[in-house]
Amino acid sequence: MRFFSRLWQQVFFYSLVLIVASGAMGIFLLYDNLINKASSVVIAFTTEVRNALTGQTPAEADRFLQRFNNQEARFWIEDERGILLAGERFGGRSGKDWEPHLLNLEHSGEIALWQTEFKNSLFLAITPCALKDRDATLYAIYMPFPVPPLETVLSPGIITIALITGLLALWIARKVGGPLRRLQREVSEISGTLQLNHVTVSGSGEIADVARAINRLVGGLRRHITGMNKLVLNISHELRSPITRMALSAEMIGEGLELLKQRKNNGTAQEEAVISLAEKNFEALRQELVHMDNLIGSTLLSSKLDVQDPGDLKEAVSLSALCENTAERYETMFRQADIRFMRGIDGGITVTGDATLLVQALTNLLDNAVKYASGPEPQVRLRLVRENGYAVIDVENTHPPLPREALDHIFDAYFRYEQRTGTGVGLGLAIVQKIVLLHRGKAIAENTEAGVRFRLSLPVRSGG
Numbered sequence: 001m002r003f004f005s006r007l008w009q010q011v012f013f014y015s016l017v018l019i020v021a022s023g024a025m026g027i028f029l030l031y032d033n034l035i036n037k038a039s040s041v042v043i044a045f046t047t048e049v050r051n052a053l054t055g056q057t058p059a060e061a062d063r064f065l066q067r068f069n070n071q072e073a074r075f076w077i078e079d080e081r082g083i084l085l086a087g088e089r090f091g092g093r094s095g096k097d098w099e100p101h102l103l104n105l106e107h108s109g110e111i112a113l114w115q116t117e118f119k120n121s122l123f124l125a126i127t128p129c130a131l132k133d134r135d136a137t138l139y140a141i142y143m144p145f146p147v148p149p150l151e152t153v154l155s156p157g158i159i160t161i162a163l164i165t166g167l168l169a170l171w172i173a174r175k176v177g178g179p180l181r182r183l184q185r186e187v188s189e190i191s192g193t194l195q196l197n198h199v200t201v202s203g204s205g206e207i208a209d210v211a212r213a214i215n216r217l218v219g220g221l222r223r224h225i226t227g228m229n230k231l232v233l234n235i236s237h238e239l240r241s242p243i244t245r246m247a248l249s250a251e252m253i254g255e256g257l258e259l260l261k262q263r264k265n266n267g268t269a270q271e272e273a274v275i276s277l278a279e280k281n282f283e284a285l286r287q288e289l290v291h292m293d294n295l296i297g298s299t300l301l302s303s304k305l306d307v308q309d310p311g312d313l314k315e316a317v318s319l320s321a322l323c324e325n326t327a328e329r330y331e332t333m334f335r336q337a338d339i340r341f342m343r344g345i346d347g348g349i350t351v352t353g354d355a356t357l358l359v360q361a362l363t364n365l366l367d368n369a370v371k372y373a374s375g376p377e378p379q380v381r382l383r384l385v386r387e388n389g390y391a392v393i394d395v396e397n398t399h400p401p402l403p404r405e406a407l408d409h410i411f412d413a414y415f416r417y418e419q420r421t422g423t424g425v426g427l428g429l430a431i432v433q434k435i436v437l438l439h440r441g442k443a444i445a446e447n448t449e450a451g452v453r454f455r456l457s458l459p460v461r462s463g464g
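If you read the sequence shown in full-length UniProt numbering, its first letter stands for residue 1, the second for the next number, and so on.
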């Protein structure tokens with residue numbers, strides 16, 4: 001009897017080791033995911049700040065940066081000689097002074113993102129910045145993110161421990177397997193979606209401790225990302241007012257040009273040439289203002305989706321009617337573009353969500369299809385069916401096959417496949433994916449015999 005008791009003590013010990021090792025691997029995966037997400041947030045935010053500063057004078061840039069220099073981030077601009085032009089240096093160090101303290105480098109376009117050796121400054125972002133009268137460099141220091149040290153992650157030995165415990169640990173595995181599987185599933189949901197939801201905590205053992213640690217990480221990152229989104233929203237709102245005023249001023253200039261053109265019907269050839277050039281420049285200015293307004297609008301929507309609670313989407317939406325109405329609105333556009341438009345929409349399909357957001361997702365897909373439909377006889381096909389408890393929306397357009405890498409990243413914000421052209425802002429498909437994930441669905445892109453197909457899968461509403 002004593003041998004039996006000691007044997008099960010050993011089984012219990014090995015089982016606990018196996019459980020802790022498995023939980024540690026879950027932490028490692030979450031750690032890597034959180035670090036990558038934090039880096040993406042920093043790069044995206046630095047890009048927005050740089051774009052906002054482009055074309056400003058040093059004085060204007062200094063006033064702009066003072067609004068965003070706080071305990072979470074610090075921005076400053078230096079010229080090629082290292083002279084401070086705008087903002088406030090962190091710790092009084094110039095960009096050159098930071099060079100001996102830089103560790104790991106990550107590139108994203110023109111932005112170089114460094115990790116530093118200081119505990120109080122995890123990231124240093126460096127990017128060129130074109131001011132109104134000179135080229136300069138923008139520096140941005142971001143405070144550390146609440147993630148655990150990598151050395152605390154224990155991953156080796158899983159296979160060995162699993163073989164040692166074997167069948168003797170089966171009854172313990174059954175006892176603790178349920179909470180472990182639930183933890184693994186919830187961590188996978190965090191990694192695979194945009195929602196940083198807390199995992200379920202039950203009991204007082206090692207698995208519960210791991211779950212509480214993950215919840216602390218998720219909570220800290222959620223607060224930080226929320227703060228970043230608020231900053232982006234504030235910047236977008238700050239930019240939208242001057243853009244609106246510029247658009248009004250441009251319209252007044254256009255009206256003045258039209259009036260001048262009417263008065264100069266009998267003018268000289270030189271006067272007519274000047275007016276013609278002014279009209280071309282005015283049209284280019286108007287198009288740029290429209291593009292900037294679209295960019296700000298898309299950025300605002302994308303940031304709002306990041307903080308949207310899926311629990312607020314409770315409306316019963318007739319997806320069949322939504323697709324029919326949206327398709328009818330696009331009939332004229334397809335005819336004008338000489339694109340053959342086909343649709344097959346099943347009736348009686350209802351989902352739970354937000355009708356306005358779902359219209360936005362479908363609109364973005366159809367706009368994308370109109371823009372990139374190609375071939376001797378360009379075609380676009382819209383399809384809605386019910387499959388295995390899901391409402392499946394397919395938007396397919398004729399197009400040469402896309403490489404695997406492009407398909408894998410086509411829903412990423414600001415991603416552009418090198419062969420694709422257009423005047424979009426690079427957020428349309430990213431917004432589609434965010435809307436679908438908010439509705440607990442899935443978005444994929446794939447090549448077909450005819451071209452490229454975008455498929456949205458949304459859970460069908462119970463009884464709908």
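The beta-carbon is built from N, C-alpha and C at its ideal position, and this holds for glycine as well. Everything numeric in this text was worked out from a predicted model, so none of it was measured.
- Query: Using the rule of at least 16 other Cβ atoms within 10 Å of the residue's Cβ for burial, across every protein chain shown, is Y414 buried or exposed?
  - Reply: The residue you call residue 414 lines up with position 414 of the sequence shown. Y414 should be labelled exposed.
- Task: Give the secondary structure of R67 by DSSP, where H, G and I count as helix, E and B as strand, and everything else as coil.
- Result: For the purposes of this step, residue 67 is taken as residue 67 along the sequence shown, with counting starting at 1. Looking at R67 - three-state DSSP - the assignment turns out to be coil, as it is neither helix nor strand.
- Cβ shell of A355 (< 7 Å), same chain only, five flanking positions each side left out: Reading the sequence shown from its first residue, position 355 is the one you call residue 355. Only E315, V317, L322 meet the Cβ criterion.
- Query: Hey, how far is the Cα of L124 from the Cα of H439?
  - Reply: Taking the sequence shown and counting its residues from 1, the one referred to as residue 124 is at position 124. Taking the sequence shown and counting its residues from 1, the one referred to as residue 439 is at position 439. If you take the alpha carbons of L124 and H439, they lie about 36 Å apart.
- Which of the three DSSP states, helix, strand or coil, is assigned to S94? Position 94 of the sequence shown, counted from the first residue, corresponds to residue 94. If DSSP states are grouped into helix, strand and coil, S94 belongs with coil.
- Message: For the alpha helix (DSSP H) containing D79, name the first residue and the last one.
- Response: Sequence index remark: in the sequence shown, residue 79 carries index 79 (1-based). Looking at the DSSP string, D79 is not in any alpha helix (DSSP H), and its letter there is neither H nor E.
- Query: Which value, in whole angstroms, describes the spacing of the CA atoms of I77 and L53?
  - Reply: In the sequence shown, residue 77 corresponds to position 77, counting from 1. In the sequence shown, residue 53 corresponds to position 53, counting from 1. Straight-line Cα distance between these residues: approximately 10 Å.
- When the Cα atoms are used, what is the spatial distance from V432 to G348? Against the sequence shown, residue 432 aligns to sequence position 432. Against the sequence shown, residue 348 aligns to sequence position 348. Answer to the nearest angstrom: the Cα atoms are 23 Å apart.
- Message: Along the chain, where does the alpha helix (DSSP H) containing K371 start, and where does it finish?
- Response: What you label residue 371 is simply residue 371 of the sequence shown in a count that begins at 1. It spans 355–372 - the alpha helix (DSSP H) in which K371 sits, taken as one unbroken run.
- Query: If you count every other CB in all the chains shown that lies within 10 Å of the CB of T398, and 16 or more means buried, which is it?
  - Reply: Looking up residue 398 in the sequence shown gives position 398. Classification of T398: buried, given that the 10 Å Cβ count is 16 or more.
- Inter-residue Cα distance where the pair is V187 and P403: Position 187 of the sequence shown, counted from the first residue, corresponds to residue 187. Position 403 of the sequence shown, counted from the first residue, corresponds to residue 403. Going by the C-alpha atoms only, they are around 30 Å apart.
- Message: Taking contact to mean 3 or more Cβ pairs, one atom from each stretch, closer than 8 Å, check whether the stretch 361–368 and the stretch 379–397 are in contact.
- Response: yes
- Message: For R67, tell me which candidate among R81, A112, A86 has the shortest Cα-Cα distance.
- Response: What you label residue 67 is simply residue 67 of the sequence shown in a count that begins at 1. That would be A86, whose Cα lies nearest to the Cα of R67.
- Item | Sheet register partners of A211 (DSSP bridge) | The sequence position of residue 211 within the sequence shown is 211, counting from 1. None; A211 has no bridge partner.
- Task: Output yes or no for whether 9 Å exceeds the beta carbon distance between Y142 and R89.
- Result: Mapped onto the sequence shown, residue 142 falls at position 142. Mapped onto the sequence shown, residue 89 falls at position 89. The answer is no: Cβ separation not under 9 Å.
- Task: Taking E106 and P128 to be in contact with their CB atoms under 8 Å, please state how far apart those CB atoms are, rounded to whole angstroms.
- Result: Walking along the sequence shown from the start, residue 106 turns up at place 106. Walking along the sequence shown from the start, residue 128 turns up at place 128. Their Cβ separation, rounded to whole angstroms, is 17 Å, which puts E106 and P128 out of contact at 8 Å.
- Please name the residue, chosen from V370, D346, Q360, L357, that lies closest to R340 on a Cα-to-Cα basis. For the purposes of this step, residue 340 is identified with residue 340 of the sequence shown, where counting begins at 1. The option with the nearest alpha carbon to R340 is V370.
- Query: Based on the DSSP secondary-structure assignment, which residues constitute the bridge partners of P459?
  - Reply: Counting from one through the sequence shown, the residue named residue 459 turns up at place 459. Y390.
- Between the beta-carbon of V351 and the beta-carbon of L458, is there less than 9 Å? For this step, residue 351 is matched to residue 351 along the sequence shown. For this step, residue 458 is matched to residue 458 along the sequence shown. Yes, the Cβ-Cβ distance between V351 and L458 is below 9 Å.
- Compute the beta-carbon to beta-carbon distance between L313 and G353, rounded to the nearest angstrom, for a pair I have assumed lies under 8 Å. For this step, residue 313 is matched to residue 313 along the sequence shown. For this step, residue 353 is matched to residue 353 along the sequence shown. Confirmed, Cβ separation roughly 5 Å.
- What are the boundary residues of the alpha helix (DSSP H) that includes H409? Position 409 of the sequence shown holds residue 409. Segment 404–409, the alpha helix (DSSP H) holding H409.
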